[in-house]
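K.L.:
Residue numbers (our numbering), protein chains in the order written: chain R, 3 to 333; chain F, 64 to 323.
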């Protein structure tokens, strides 16, 4: 595939983002016109304005942030690990963030303040990231980093399952499902306030790693001779990912496949250059999760679908197709 | 005036002494070959020269300054390194691959300047890879890959070029082409250091040859003086014939000697 000019790539992605955002703001049990959306965003106290400001806007912003954070960290991790199959899940940061949330619920920490659940998700993400940072700081190979991620991930999932088995109250199960499969139901601007700084800082850190990730195309040794400080690069990517994934899981629980599929889709249009993939992936990820959440809201099912289920339902078959397609193309 | 110098260099890898008491001085305009049997420490020597290894003993100095005291970005502008085998992880076009060689000259968010574009074009031309610029790396043959990776190293426009077995697993035409490029770089004033396995090519192209054996430099000088029958016997364990064919020196291993 011919790499598109950067301007055209950004143009298409931003157009996709705007369209999905507008449709997402307008569609729902109460359909709103473009005029009502604009007026509702501007302020006021009529029904349209309240729907806009209290329900749809926070949900839209969270969907965009979650998608941007997950896709950007997926793109950066794939560059760092030099494997298109890597995503935030591989590092164990996603599952550790979910474990933090589940622990908060199980030990009654959430009873003190609901805000402590997202905070614990942050803590889980950071704990996993710290372990990875310590391993990275000891000049470990990328393989070691992946294996450590797999171990952290398995442990987090096992502990989550243990907490699930010991859950004392009948509602715990539903809450676990929320955190493990992801949902943006009943979110407020306070949730946006928690996720926004973390995810934006995370994406900024990842953007600083772009040049180093480009050099890693030539392998770690040659990258080092190009002036890349490998340990610093790993720490940068892992910390940026922890911020993005911690923020995303805190806001929406575990939403899978976004970090895997979005960089995959955009890569050919960015000329396969890892560093040029991060920002377009963030925009594309935002558009994808907004669209997926729209599907969650509009699907005529009895109970609202889980966001992670929808992204997996769309993502998994597409991913299979992609695998076969790239197999055929590569010599 | 030597640009790169090694003083009593010693490197241990995994508790094993790989290099010991290595002294070497390399100056600009010289094509230095490093030869020796498998496992002699040639690659470790090349990596130490490139600043990729922190030696346990002795020192590597760039213009008289200790290597660890030099900032990575500055070192990257002075020393270009062409790794053995040269992996490329993403299917970049050759032009984008070669552009990576300009990284040491750019600040984190800086775009390629006309100076960089000119350097990329020069590197493609010198490596005879200009016709490959728009091709994707994964679609190239082994020889074409070697030229593209060579262009990447040349794009750094460093005054020291270290290549680890640049001619390995190439057909004769590409071998000669790669060595011609390295010789031209030396003629242009660069200090060129290449790990060589083909002794005939080393004899013919290098200005100087360092013979590495069991982690030590056994002989260092003009290739004609270094590649003697005695040295070939004691270092490689082969009886060899040293001849000249059509005016070109040829080193031919004849038979393996029994190890004592």
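Glycine included, every Cβ here is placed at the ideal spot set by N, Cα and C.
Whose Cβ in chain F lies nearer than 7 Å to the Cβ of residue 276 of chain R?
P.N.:
For the purposes of this step, residue 276 of chain R is taken as residue 274 along the first chain, with counting starting at 1. Chain F residues near residue 276 of chain R: 153.
K.L.:
Tell whether a beta-carbon distance below 9 Å holds between residue 319 of chain R and residue 73 of chain R.
P.N.:
In the first chain, counting from the first residue as 1, residue 319 of chain R sits at position 317. In the first chain, counting from the first residue as 1, residue 73 of chain R sits at position 71. Not in contact: residue 319 of chain R and residue 73 of chain R (Cβ atoms no closer than 9 Å).
K.L.:
On the criterion of 16 or more Cβ atoms from any shown chain inside 10 Å, does residue 274 of chain R qualify as buried, or is it exposed?
P.N.:
Walking along the first chain from the start, residue 274 of chain R turns up at place 272. So residue 274 of chain R counts as buried.
K.L.:
What alpha helix (DSSP H) runs, 4 residues minimum, are completely inside the region 93–137 of chain R?
P.N.:
Counting whole runs of 4 or more residues, the region 93–137 of chain R contains the alpha helix (DSSP H) stretches 95–108, 111–114.
K.L.:
For residue 191 of chain F, which three-state DSSP category applies?
P.N.:
Position 128 of the second chain, counted from the start, is the residue given in the question as residue 191 of chain F. It is coil, neither helix nor strand.
K.L.:
Would residue 276 of chain F pass as a contact of residue 103 of chain F if the rule is Cβ separation under 9 Å?
P.N.:
Locating residue 276 of chain F in the second chain gives position 213, where the first residue counts as 1. Locating residue 103 of chain F in the second chain gives position 40, where the first residue counts as 1. Contact: yes.
K.L.:
For residue 225 of chain R, I'd like the list of residues in its chain whose CB is within less than 6 Å of its CB, leaving aside the five on either flank, ordered along the chain.
P.N.:
For the purposes of this step, residue 225 of chain R is taken as the residue at position 223 of the first chain. Hits under 6 Å: 217, 218.
K.L.:
Could you work out which residues of chain F lie near residue 178 of chain R, taking near to mean beta carbons separated by less than 7 Å?
P.N.:
The residue given as residue 178 of chain R occupies position 176 in the first chain. Residues of chain F passing the Cβ test: none, with the nearest at roughly 38 Å.
K.L.:
Find the residues of chain F that neighbour residue 216 of chain R, judging by a C-beta separation of less than 8 Å, and give them in chain order.
P.N.:
As a working note, residue 216 of chain R is residue 214 in the first chain. Going along chain F in sequence order, the residues near residue 216 of chain R (Cβ under 8 Å) are 163, 166.
K.L.:
Could you tell me which chain F residues have their CB closer than 7 Å to the CB of residue 223 of chain R, listed as they occur along the chain?
P.N.:
The count along the first chain starts at 1 and reaches residue 223 of chain R at position 221. In chain order: 115, 146.
K.L.:
Under three-state DSSP, which class holds residue 236 of chain F?
P.N.:
Counting from one through the second chain, the residue named residue 236 of chain F turns up at place 173. Three-state result, residue 236 of chain F: helix.
K.L.:
Taking the DSSP output, what are the residues bridged to residue 315 of chain F?
P.N.:
Start at 1 with the first residue of the second chain, and residue 315 of chain F comes out as number 252. DSSP output for residue 315 of chain F lists F:304 as bridge partner(s).
K.L.:
Nearest chain R C-beta to residue 215 of chain F closer than 9 Å, yes or no?
P.N.:
Start at 1 with the first residue of the second chain, and residue 215 of chain F comes out as number 152. Yes, contact with chain R.
K.L.:
Examine the Cβ distances between the region 130–145 of chain F and the region 205–221 of chain F and report whether three or more of them are shorter than 8 Å.
P.N.:
They touch, by the three-pair rule.
K.L.:
Any residues in the region 223–245 of chain R with a beta carbon nearer than 8 Å to a beta carbon of chain F? Which ones, in chain order?
P.N.:
Listed by position, the residues of the region 223–245 of chain R near chain F (Cβ gap below 8 Å) are 223, 224, 226, 227, 228, 229, 230, 231.
K.L.:
Could you check the C-alpha separation between residue 95 of chain R and residue 58 of chain R for me, to the nearest Å?
P.N.:
Position 93 of the first chain, counted from the start, is the residue given in the question as residue 95 of chain R. Position 56 of the first chain, counted from the start, is the residue given in the question as residue 58 of chain R. C-alpha separation (whole angstroms): 29 Å.
K.L.:
Between which two residues does the beta strand (DSSP E) carrying residue 200 of chain F extend?
P.N.:
In the second chain, counting from the first residue as 1, residue 200 of chain F sits at position 137. No beta strand (DSSP E) holds residue 200 of chain F; DSSP gives it neither H nor E.
K.L.:
Say whether chain F places a C-beta atom closer than 9 Å to the C-beta of residue 353 of chain R.
P.N.:
With chain R covering only 3 through 333, there is no way to say anything about residue 353 of chain R.
K.L.:
Give me whichever residues DSSP pairs with residue 284 of chain F in a beta bridge.
P.N.:
Within the second chain, the letter at position 221 stands for residue 284 of chain F. For residue 284 of chain F, which the question treats as bridged, DSSP gives the partners F:272.
K.L.:
Would residue 259 of chain F be called buried (16 or more neighbouring beta carbons within 10 Å of its own) or exposed?
P.N.:
Counting from one through the second chain, the residue named residue 259 of chain F turns up at place 196. Buried: at least 16 other Cβ atoms inside 10 Å.
K.L.:
If we ignore side chains and look at the alpha-carbon of each, how far apart do residue 307 of chain F and residue 313 of chain F end up?
P.N.:
Residue mapping note: residue 307 of chain F aligns to position 244 of the second chain, counting from 1. Residue mapping note: residue 313 of chain F aligns to position 250 of the second chain, counting from 1. Distance between the alpha carbons of residue 307 of chain F and residue 313 of chain F: 5 Å.
K.L.:
Residue 161 of chain F to residue 122 of chain F, Cα distance in whole Å?
P.N.:
The residue labelled residue 161 of chain F in the question sits at position 98 within the second chain. The residue labelled residue 122 of chain F in the question sits at position 59 within the second chain. Rounded to whole angstroms, residue 161 of chain F to residue 122 of chain F spans 31 Å at the Cα level.
K.L.:
Extract the residue ranges of the beta strand (DSSP E) inside the region 203–282 of chain R, only unbroken runs of 3 or more that lie entirely within it.
P.N.:
Listed in chain order, there is nothing to give.
K.L.:
Look at residue 216 of chain F and residue 144 of chain F and say whether their C-beta atoms are less than 9 Å apart.
P.N.:
Looking up residue 216 of chain F in the second chain gives position 153. Looking up residue 144 of chain F in the second chain gives position 81. In contact: residue 216 of chain F and residue 144 of chain F (Cβ atoms closer than 9 Å).
K.L.:
Between residue 250 of chain R and the rest of its own chain, which residues show a CB-CB distance below 6 Å, the 5 nearest in sequence each way excluded?
P.N.:
Within the first chain, numbered from 1, the residue matching residue 250 of chain R stands at position 248. The residues are 68, 71, 72.
K.L.:
Name the two residues that bound the continuous beta strand (DSSP E) containing residue 85 of chain F.
P.N.:
Stepping through the second chain from its first residue, residue 85 of chain F is reached at position 22. Per DSSP, residue 85 of chain F belongs to the beta strand (DSSP E) from 79–90.
K.L.:
Tell me where the beta strand (DSSP E) around residue 256 of chain F begins and ends.
P.N.:
Taking the second chain and counting its residues from 1, one reaches residue 256 of chain F at position 193. From DSSP, the beta strand (DSSP E) with residue 256 of chain F extends over 254–258.
K.L.:
Along the beta strand (DSSP E) that carries residue 74 of chain F, what are the first and last residues, could you check?
P.N.:
Stepping through the second chain from its first residue, residue 74 of chain F is reached at position 11. Note, residue 74 of chain F: beta strand (DSSP E), 65–76.
K.L.:
Would residue 220 of chain F count as contacting chain R if we go by Cβ distances under 9 Å?
P.N.:
Within the second chain, numbered from 1, the residue matching residue 220 of chain F stands at position 157. False, the Cβ-Cβ gap to chain R never drops below 9 Å.
K.L.:
Distance check for residue 281 of chain R and residue 166 of chain R, CA to CA, integer angstroms please.
P.N.:
Counted from its first residue, the first chain places residue 166 of chain R at position 164. Counted from its first residue, the first chain places residue 281 of chain R at position 279. Roughly 37 Å separates the two Cα atoms.
K.L.:
Kindly indicate the opening and closing residues of the alpha helix (DSSP H) around residue 138 of chain F.
P.N.:
Taking the second chain and counting its residues from 1, the one referred to as residue 138 of chain F is at position 75. That run of the alpha helix (DSSP H) goes 135–141.
K.L.:
Let me know if residue 98 of chain R comes out buried or exposed under the rule of 16 or more other beta-carbons within 10 Å of its beta-carbon.
P.N.:
Mapped onto the first chain, residue 98 of chain R falls at position 96. Buried.
K.L.:
List, in chain order, every chain R residue whose beta-carbon is nearer than 7 Å to that of residue 171 of chain F.
P.N.:
Residue numbering aside, residue 171 of chain F sits at position 108 when the second chain is read from its first letter. By Cβ distance, chain R contributes 210, 213.
K.L.:
May I ask which residues mark the beginning and end of the alpha helix (DSSP H) holding residue 216 of chain F?
P.N.:
Looking up residue 216 of chain F in the second chain gives position 153. Where residue 216 of chain F is concerned, the enclosing alpha helix (DSSP H) stretches over 205–218.
K.L.:
Does the beta carbon of residue 219 of chain R come closer than 9 Å to any beta carbon on chain F?
P.N.:
Locating residue 219 of chain R in the first chain gives position 217, where the first residue counts as 1. It does: the Cβ of residue 219 of chain R has a partner Cβ on chain F nearer than 9 Å.
K.L.:
Based on the DSSP secondary-structure assignment, which residues constitute the bridge partners of residue 97 of chain F?
P.N.:
Locating residue 97 of chain F in the second chain gives position 34, where the first residue counts as 1. F:258, F:273, per the DSSP bridge assignment.
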